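Student:
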Amino acid sequence: MKTIQGTRGAAPLGAEKAALLRRETVTRPVLFIGTGTCGLGAGAARTLEAARRYLEERKIDAEIVQVGCIGLCALEPMLDAQLPGRNRLCFARVGEEDVQPILDRVFGGEPPSEKALFQFPAAGLTPWPGVPSMDEHPFFAPQTRLVLKNCGLIDPSRLDEYIARGGYEALSLVIHEKTPAEVCEEVEKSGLRGRGGGGFPTGKKWKFALGAAADRKYMICNADEGDPGAFMDRAVIEGDPHRLVEGLAIAAYAIGATKAYVYIRAEYPLAIERLRVAIGQAKERGFLGKNIQDSGFDLEILIKQGAGAFVCGEETALIHSIEGRRGMPRPRPPFPAVSGLFGKPTIINNVETLANVPFILAEGAEAFASLGTETSRGTKVFALSGKVRNTGLVEVVMGTSLRRVIFEIGGGVPNGKAFKAVQIGGPSGGCIPEPHLDVKVDYETLKTLGAMMGSGGLVVMDEDNCMVDVAKFFMDFIQRESCGKCIPCREGTRRMLEILTGITRSRRTEKENEGLERFQGVVNLEELAEVIRETALCGLGQTAPNPVLSTLRWFRDEYEAHIYERRCPAGVCTELLTYKIDADKCTGCTACARKCPVEAILGAPKSPHYIVEEKCIGCGNCLTVCRFGAVYTE
Amino acid sequence: MNSSSASLREVLDRHPGARRDALIPILQEVQEKNGFLSREAVTEIGRHLDLPASKIYGVATFYNQFRFEPLGRWHVQVCRGTACHVKGSLAVLEAVKRRLKIEPGQTTRDGRFSLEVVACLGACGLAPVVSINGEFHGGVTAESIGKILASCRDEAEGR
Numbered sequence: 109m110k111t112i113q114g115t116r117g118a119a120p121l122g123a124e125k126a127a128l129l130r131r132e133t134v135t136r137p138v139l140f141i142g143t144g145t146c147g148l149g150a151g152a153a154r155t156l157e158a159a160r161r162y163l164e165e166r167k168i169d170a171e172i173v174q175v176g177c178i179g180l181c182a183l184e185p186m187l188d189a190q191l192p193g194r195n196r197l198c199f200a201r202v203g204e205e206d207v208q209p210i211l212d213r214v215f216g217g218e219p220p221s222e223k224a225l226f227q228f229p230a231a232g233l234t235p236w237p238g239v240p241s242m243d244e245h246p247f248f249a250p251q252t253r254l255v256l257k258n259c260g261l262i263d264p265s266r267l268d269e270y271i272a273r274g275g276y277e278a279l280s281l282v283i284h285e286k287t288p289a290e291v292c293e294e295v296e297k298s299g300l301r302g303r304g305g306g307g308f309p310t311g312k313k314w315k316f317a318l319g320a321a322a323d324r325k326y327m328i329c330n331a332d333e334g335d336p337g338a339f340m341d342r343a344v345i346e347g348d349p350h351r352l353v354e355g356l357a358i359a360a361y362a363i364g365a366t367k368a369y370v371y372i373r374a375e376y377p378l379a380i381e382r383l384r385v386a387i388g389q390a391k392e393r394g395f396l397g398k399n400i401q402d403s404g405f406d407l408e409i410l411i412k413q414g415a416g417a418f419v420c421g422e423e424t425a426l427i428h429s430i431e432g433r434r435g436m437p438r439p440r441p442p443f444p445a446v447s448g449l450f451g452k453p454t455i456i457n458n459v460e461t462l463a464n465v466p467f468i469l470a471e472g473a474e475a476f477a478s479l480g481t482e483t484s485r486g487t488k489v490f491a492l493s494g495k496v497r498n499t500g501l502v503e504v505v506m507g508t509s510l511r512r513v514i515f516e517i518g519g520g521v522p523n524g525k526a527f528k529a530v531q532i533g534g535p536s537g538g539c540i541p542e543p544h545l546d547v548k549v550d551y552e553t554l555k556t557l558g559a560m561m562g563s564g565g566l567v568v569m570d571e572d573n574c575m576v577d578v579a580k581f582f583m584d585f586i587q588r589e590s591c592g593k594c595i596p597c598r599e600g601t602r603r604m605l606e607i608l609t610g611i612t613r614s615r616r617t618e619k620e621n622e623g624l625e626r627f628q629g630v631v632n633l634e635e636l637a638e639v640i641r642e643t644a645l646c647g648l649g650q651t652a653p654n655p656v657l658s659t660l661r662w663f664r665d666e667y668e669a670h671i672y673e674r675r676c677p678a679g680v681c682t683e684l685l686t687y688k689i690d691a692d693k694c695t696g697c698t699a700c701a702r703k704c705p706v707e708a709i710l711g712a713p714k715s716p717h718y719i720v721e722e723k724c725i726g727c728g729n730c731l732t733v734c735r736f737g738a739v740y741t742e
Numbered sequence: 041m042n043s044s045s046a047s048l049r050e051v052l053d054r055h056p057g058a059r060r061d062a063l064i065p066i067l068q069e070v071q072e073k074n075g076f077l078s079r080e081a082v083t084e085i086g087r088h089l090d091l092p093a094s095k096i097y098g099v100a101t102f103y104n105q106f107r108f109e110p111l112g113r114w115h116v117q118v119c120r121g122t123a124c125h126v127k128g129s130l131a132v133l134e135a136v137k138r139r140l141k142i143e144p145g146q147t148t149r150d151g152r153f154s155l156e157v158v159a160c161l162g163a164c165g166l167a168p169v170v171s172i173n174g175e176f177h178g179g180v181t182a183e184s185i186g187k188i189l190a191s192c193r194d195e196a197e198g199r
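The following block contains the structure:
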């Protein structure tokens with residue numbers, strides 16, 4: 109693993125204090141517990157409580173630090189222990205009951221290093237023998253951490269820890285030594301492109317707003333992240349909120365804005381809280397507010413909570429939402445950079461884009477541009493989830509192959525199942541099949557495969573997932589989230605969902621002309637998708653058919669099985685399955701009959717059972733409970 | 041003055057001279073305090089912002105967050121994000137619906153449970169995820185959700 113550390117020191121703190129804050133020296137034992145949303149979901153709050161109780165009961169002088177998620181969500185809750193003079197050790201899956209045995213040995217001076225997942229290498233500290241270092245761990249080794257470099261390491265509620273690692277250096281440098289035009293130029297030279305979806309060059313966008321004449325301009329951070337399957341924005345804000353604040357401040361300076369908004373999902377209460385604290389601290393220390401560090405630059409950052417509308421990720425819809433209206437997009441031009449919030453020039457960037465900015469300004473455009481591919485520079489954070497061993501956050505340089513991300517870093521598909529596809533870019537993206545996993549991931553290559561970078565959610569699917577069902581899932585999502593303003597999106601996506609539902613329906617439940625309509629729909633599916641793509645008002649509608657088109661392109665055989673044979677090869681589309689019981693294998697244990705919610709399974713105890721097909725709703729409960737493999741589907 | 045109109049007053053007093061861009065934050069704060077948006081609250085907010093109630097309903101019904109009925113003692117949010125979907129959250133949702141005998145957006149008649157489907161909770165590493173009163177449960181199955189709901193019910197009855 110490469111962590112790109114800043115070359116500049118933390119001047120305002122003094123070398124000794126900075127080293128202390130970077131935990132290069134600790135005077136008493138320190139315990140770190142990952143308490144991001146994912147950690148808490150895995151039980152970190154109970155782990156934290158157990159650790160606190162442990163220290164209290166034994167009157168041990170040690171510090172507990174709550175950190176964000178380090179990225180390996182699959183192994184949460186995580187507890188790190190650092191003893192004076194020694195490297196910090198990381199323990200995975202530390203439940204409540206594991207706390208005492210681990211801490212007994214940590215405070216005995218002999219931590220169970222054989223159980224440690226890895227240790228954090230640090231200059232001047234003695235490593236533990238036999239424990240791999242973090243950059244040797246298979247999950248972290250192939251990564252390059254730039255956006256995530258502090259996540260899981262620092263205490264997000266302490267500004268000084270961020271400063272000790274080079275934080276706010278870039279902002280100070282920019283406001284004292286560079287003109288806004290120079291900042292835009294530097295960012296454009298770096299090749300940074302928007303990490304939210306479209307991939308528009310960030311520097312260029314800033315220049316539009318800088319060049320627009322207006323008495324007032326606005327900078328907005330889009331932290332709405334409505335994309336199901338993506339959670340990197342949440343993790344960055346929870347783990348390293350000051351990075352976002354700094355990036356946002358630099359962006360505001362570059363375009364000449366004195367007011368900035370962070371539009372963040374209300375579903376992320378912890379991230380909102382951390383951000384609120386960070387903004388307050390930055391203000392207190394003079395990194396925000398009036399006349400920042402005597403440079404004459406003023407900036408106020410306001411938090412606006414989203415209210416749960418996916419379409420608000422679209423720029424013009426987001427602006428309407430901040431103005432207190434329905435989040436409906438409007439045609440562009442005029443682009444927000446010319447006429448945006450309250451009619452003033454406005455720039456909207458997403459969290460990950462802004463989190464890259466401090467690095468570019470501190471280390472220079474070349475350092476950033478040297479990473480990645482010709483058209484896509486820098487790194488990309490992926491939210492890896494679904495049927496993959498190491499679910500979590502992965503940051504790799506642009507151009508890394510998907511195979512590497514899924515199989516090397518992600519550890520491949522669990523339970524001995526075969527990989528089928530990876531869904532990238534959420535409802536605007538597409539599914540990529542196994543033969544194309546070796547392509548380099550960048551904005552352009554993904555488009556040629558019918559997918560897109562989107563926000564970077566990677567959802568892995570195995571042989572048990574039905575691609576028609578996945579397409580249906582996204583269509584259902586889009587259809588519910590469409591704002592309803594333009595007809596192609598409102599009516600078109602609804603029709604597409606109907607067609608997909610039609611091909612996953614069994615003859616049993618078909619009425620009147622539905623069979624005929626089903627076939628008519630199938631014939632028109634692709635054309636409908638093309639029309640929506642070309643005529644929808646905003647990006648949400650224009651990309652809405654992508655999941656269907658990409659699954660049609662790569663998994664046509666699955667569609668055909670549904671259409672012509674009324675069969676779901678993956679066994680997901682419940683209406684198309686008939687459940688049967690093999691009389692030879694059935695022992696009459698009655699487990700299935702007891703679990704059947706509709707009492708469709710009959711039979712006397714100790715003699716073979718059978719399923720009444722007309723009653724069966726295809727829930728599959730019987731299949732999961734049968735211990736003798738007697739239930740099967742066809 | 042009852043408690044809900046008192047807390048409404050409190051919220052509105054915090055936004056003196058507010059304009060339209062304060063509408064969504066006000067709605068959020070009122071809902072946070074009262075659990076839902078009552079008809080009286082909407083009228084009162086309209087008076088404060090000089091907006092017709094129809095405009096306020098127009099905004100409030102557009103966003104998924106706003107509710108016009110009280111929540112149950114336990115608010116069950118079933119995540120239907122992509123990762124949760126591929127790992128079987130539909131079966132979990134079906135199990136919840138069967139058990140509580142309500143549809144998403146409804147509250148059980150005894151006022152104990154309300155059910156909501158959310159697009160993504162952002163904890164995809166733990167899929168499928170269910171959140172009950174803000175507490176996350178990861179790796180939920182159709183089986184285990186029954187036990188979780190039963191333990192909520194037991195707690196209510198002091199068992």
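Chains A and B supply the protein sequences, listed in that same order. Per the numbering used here, the first sequence starts with residue 109, numbered consecutively. Per the numbering used here, the second sequence starts with residue 41, numbered consecutively. We put the beta carbon where it would ideally sit given N, CA and C, even for glycine. Only a predicted model underlies this, so the values are computations on that prediction, with no experimental measurement involved.
Measure the C-alpha to C-alpha separation of VAL505 of chain A and VAL739 of chain A and round it to an integer number of angstroms.
Tutor: Approximately 47 Å between the Cα atoms of the pair.
Student: With a Cβ-Cβ cutoff of 8 Å, do THR483 of chain A and ASP550 of chain A count as a contact?
Tutor: Yes; because the gap between Cβ atoms is below 8 Å, this pair is in contact.
Student: Quick check on the DSSP output: the alpha helix (DSSP H) that includes VAL70 of chain B runs from which residue to which?
Tutor: Residues 63-74.
Student: Just to confirm my understanding: we take THR741 of chain A, look at its own chain, exclude 5 residues before and 5 after, and list those with CB closer than 6 Å. What are they?
Tutor: Cβ within range, chain order: GLY679, LEU685 and TYR687.
Student: Inspect the CB distances between the segment 392-410 of chain A and the segment 312-320 of chain A and report whether three or more fall short of 8 Å.
Tutor: The segment 392-410 of chain A is not in contact with the segment 312-320 of chain A.
Student: Would you tell me roughly how many angstroms separate the C-alpha atoms of PHE176 of chain B and LEU148 of chain A, rounded to the nearest one?
Tutor: Those two C-alpha atoms are separated by around 7 Å.
Student: Secondary structure at PHE418 of chain A, three-state DSSP: helix, strand or coil?
Tutor: It is helical.
Student: So, helix, strand or coil for LEU48 of chain B, using DSSP?
Tutor: In this structure, LEU48 of chain B counts as helix in the three-state DSSP scheme.
Student: Assign PHE248 of chain A to buried or exposed, taking buried as 16 or more other Cβ atoms, counted over all protein chains shown, within 10 Å of its Cβ.
Tutor: With 16 or more other Cβ atoms within 10 Å, it is buried.
Student: State yes or no: is the beta carbon of ALA362 of chain A nearer than 8 Å to at least one beta carbon in chain B?
Tutor: Not an interface residue.
Student: Fully enclosed by the segment 274-341 of chain A, which alpha helix (DSSP H) runs are 4 residues long or longer?
Tutor: Entirely contained in the segment 274-341 of chain A, the alpha helix (DSSP H) runs reaching 4 residues are, in chain order, 277-285, 288-298 and 310-319.
Student: From which residue to which residue does the alpha helix (DSSP H) around GLU606 of chain A run?
Tutor: Here the alpha helix (DSSP H) through GLU606 of chain A covers 595-611.
Student: Straight-line CA distance for ASP612 of chain A to VAL656 of chain A?
Tutor: Looking at the sequence shown, residue 612 of chain A is not Asp but Thr. Approximately 14 Å, taken between the alpha carbons.
Student: At which residue ranges does the segment 677-713 of chain A contain complete alpha helix (DSSP H) runs of 4 or more residues, listed in the order of the chain?
Tutor: DSSP runs (the alpha helix (DSSP H)) wholly in the segment 677-713 of chain A: 699-703.
Student: My parser needs the alpha helix (DSSP H) runs of 4 or more residues fully inside the segment 202-255 of chain A; what are they?
Tutor: Within the segment 202-255 of chain A, the complete alpha helix (DSSP H) runs of at least 4 residues are 204-215.
Student: Enumerate in chain order the residues of its own chain whose CB-to-CB distance from LEU183 of chain A is below 6 Å, with the five nearest sequence positions on each side excluded.
Tutor: Counting only Cβ-Cβ distances below 6 Å, and skipping sequence neighbours, we find ALA200 and ARG201.
Student: Go to THR643 of chain A, then tell me how far its alpha helix (DSSP H) extends in each direction, as first and last residue.
Tutor: Looking at the DSSP string, the run of the alpha helix (DSSP H) that includes THR643 of chain A is 622-643.
Student: Give a yes or no on whether 8 Å exceeds the smallest Cβ distance from TYR97 of chain B to chain A.
Tutor: So, not an interface residue.
Student: Classify SER43 of chain B as helix, strand or coil using the three-state DSSP reduction.
Tutor: Looking at SER43 of chain B - three-state DSSP - the assignment turns out to be helix.
Student: Please list the partners that GLN105 of chain B has in chain C, where partner means a Cβ-to-Cβ separation under 9 Å.
Tutor: The structure shown contains no chain C; the protein chains it does contain are A and B.
Student: Which residues, in chain order, does the segment 46-63 of chain B contribute to contact with chain A at a C-beta distance below 7 Å?
Tutor: Within the segment 46-63 of chain B, the qualifying residues are ARG60, ASP61, ALA62 and LEU63.
Student: For the segment 173-187 of chain B against the segment 504-522 of chain A, do three or more pairs of beta-carbon atoms, one drawn from each stretch, fall closer than 8 Å, so that the two count as touching?
Tutor: Taking 8 Å as the limit for Cβ pairs, the verdict is that the segment 504-522 of chain A does not touch the segment 173-187 of chain B.
Student: Just to check my reading of the structure: ILE409 of chain A and LEU279 of chain A have Cβ atoms closer than 8 Å, yes? What is that Cβ distance to the nearest angstrom?
Tutor: In fact, because the Cβ distance is near 13 Å, the residues do not count as touching under 8 Å.
Student: Could you pull out every residue in the same chain whose Cβ sits closer than 8 Å to the Cβ of HIS670 of chain A, ignoring the five residues on either side in sequence?
Tutor: VAL576, ILE611, THR612, CYS676, CYS681 and LEU684, listed in sequence order.
Student: Would you mind stating whether PHE736 of chain A and LYS693 of chain A have Cβ atoms separated by less than 8 Å?
Tutor: It is a contact, given that the beta carbons lie within the stated cut-off.
Student: Check each residue of the segment 558-573 of chain A: if its Cβ is closer than 9 Å to any Cβ of chain B, include it; give the result in chain order.
Tutor: Cβ contacts with chain B come from GLY565, VAL567, VAL568, MET569, ASP570, ASP572 and ASN573.
Student: Check whether chain A comes within 8 Å of ARG138 of chain B, counting only Cβ atoms and requiring the distance to be less than that.
Tutor: Chain A, which has a Cβ nearer than 8 Å to the Cβ of ARG138 of chain B, makes this yes.
Student: Going by the C-beta, is GLN389 of chain A closer than 7 Å to any heavy atom of the ligand GDP?
Tutor: No copy of the ligand GDP occurs in the structure displayed, which carries no ligand at all.
Student: Give the secondary structure of ARG393 of chain A by DSSP, where H, G and I count as helix, E and B as strand, and everything else as coil.
Tutor: If DSSP states are grouped into helix, strand and coil, ARG393 of chain A belongs with coil.
Student: Within 10 angstroms of the Cβ of PRO705 of chain A, are there 16 or more other Cβ atoms? Answer buried if so, exposed if not.
Tutor: Exposed, since its Cβ has fewer than 16 Cβ neighbours within 10 Å.
Student: Can you find the residues in the same chain that come closer than 8 Å, C-beta to C-beta, to THR234 of chain A, ignoring five residues on each side of it along the sequence?
Tutor: Contacts found: GLY193, ARG194 and ASN195.
Student: Anything in the segment 490-505 of chain A with a Cβ closer than 7 Å to a Cβ of chain B? List those residues in chain order, please.
Tutor: Within the segment 490-505 of chain A, the residues whose Cβ lies closer than 7 Å to some Cβ of chain B are ALA491, SER493, GLY494, LYS495, THR499 and GLY500, listed in chain order.
Student: In angstroms with no decimal places, state the Cα-to-Cα distance between TRP662 of chain A and PRO543 of chain A.
Tutor: Their Cα atoms are separated by approximately 10 Å.
Student: Look at the alpha carbon of ARG131 of chain A and the alpha carbon of SER590 of chain A, and state the distance between them as a whole number of angstroms.
Tutor: Their backbone Cα atoms lie some 48 Å apart in a straight line.
Student: Figure out for me which residue from A:SER478, A:GLN587, A:LYS412 and A:CYS734 has the closest Cα to the Cα of GLY432 of chain A.
Tutor: The option with the nearest alpha carbon to GLY432 of chain A is A:LYS412.
Student: Give me the residue from A:ASP169, A:ILE262 and A:ILE372 with the minimum Cα distance to GLY334 of chain A.
Tutor: Out of A:ASP169, A:ILE262 and A:ILE372, A:ILE372 has the C-alpha closest to the C-alpha of GLY334 of chain A.
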